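Counting with this note's numbering, you get residues 43 to 217 for the letters of the sequence shown. Where is the CB? At the ideal position from N, CA and C, for every residue including glycine. Note that the structure is predicted; figures quoted are calculated from it, not measured.
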Amino acid sequence: MEEDRKMDPLTKLNNRLAMQLWLDNVKSMHYQFSVMALDVDHFKLINDEFGHAVGDEVLRALAGVMKKNARSHDFVCRSGGEEFLIFMPFVDANRAFSIAERLRIAISEHAMPLSRPVTVSIGIACWPAHSKSIDETLKMADQALYQAKHKGRNQTCQAKLTPHAANHDVARHAV
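Here's what the structure looks like:
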């Protein structure tokens, strides 16, 4: 019963409650992670053209592709609607980008319950490299996601380094 509270009923992925508990643990352990924010491109059109039942099938199929491509210790969750987050412990920005690109391509090539491919846009940010605050890191991943959508969708964008991040990198290399 307790586990049901932490699971999205449609996709069987972790939900926002499970995400908050996971992030609380990350804060106490102080280990770095990268986060991918994913959003299904033109999902409203999918629902409008094919119906909500097909839209739900698409979300379940996407969840399956994400689970299949995630490492065992990655944390995959549905954060709302057609939005997902994947937290990758101990993954730096460069590696996160290549992982995100592989996932984006895997999703676009996956046979979906539609007559056309489904694509996603992805934004990436890293903690603590991009921000001291985990909440700010999540916002930066979301901003990078919307940058990917603005640039034409079906692509991956990475958060920009902040002055904190540049100082963090300089301090790390100086030690």
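TODO: Identify, in the order they occur along the chain, each residue of the same chain with its Cβ nearer than 8 Å to the Cβ of Q62, setting aside the five sequence neighbours on each side.
DONE: none
TODO: Would you decide whether S114 is buried or exposed? Buried here means 16 or more other CB atoms lie within 10 Å of its CB.
DONE: exposed
Open item on the list: Using DSSP's beta-bridge definition, name the partner residues of M49.
Closed with: N56
- [ ] Mind the definition here: the region 135–144 touches the region 89–98 only if three or more C-beta pairs lie below 8 Å; say whether that holds.
- [x] no
Open item on the list: Give me the DSSP bridge partner(s) of S76.
Closed with: M130 and C168
- [ ] Could you tell me the boundaries of the alpha helix (DSSP H) in which G97 lies?
- [x] H94 to N111
Task: Sequence-distant residues of the same chain with beta carbon closer than 7 Å to L65, five excluded per side - done: I176
Task: Check whether G165 and D184 have beta carbons under 8 Å apart - done: yes
- [ ] Please look up how many angstroms separate the CB atoms of A105 and L55, rounded, as I've assumed it's under 8 Å.
- [x] 5 Å
Task: Coarse secondary structure for Q200, derived from DSSP in three states - done: strand
- [ ] Taking 8 Å as the cut-off, decide whether the C-beta atoms of K109 and V118 are in contact.
- [x] yes
- [ ] Could you please give the first and the last residue of the uninterrupted beta strand (DSSP E) stretch that includes S157?
- [x] S157 -> no beta strand (DSSP E), and no H or E assigned at all.
Open item on the list: As a quick exercise: from T161, V96 and D98, pick the residue whose alpha carbon is nearest that of H84.
Closed with: T161
Open item on the list: Taking the straight line between their C-alpha atoms, what separation do you get for H192 and V107?
Closed with: 24 Å
Task: C-alpha gap between R47 and S121, whole angstroms - done: 14 Å
- [ ] Go through its chain and collect everything with a Cβ distance to N218's Cβ below 7 Å, but skip five positions before and after it.
- [x] Past the boundaries of the shown model lies residue 218; the chain is included only from 43 to 217, so the question cannot be answered.
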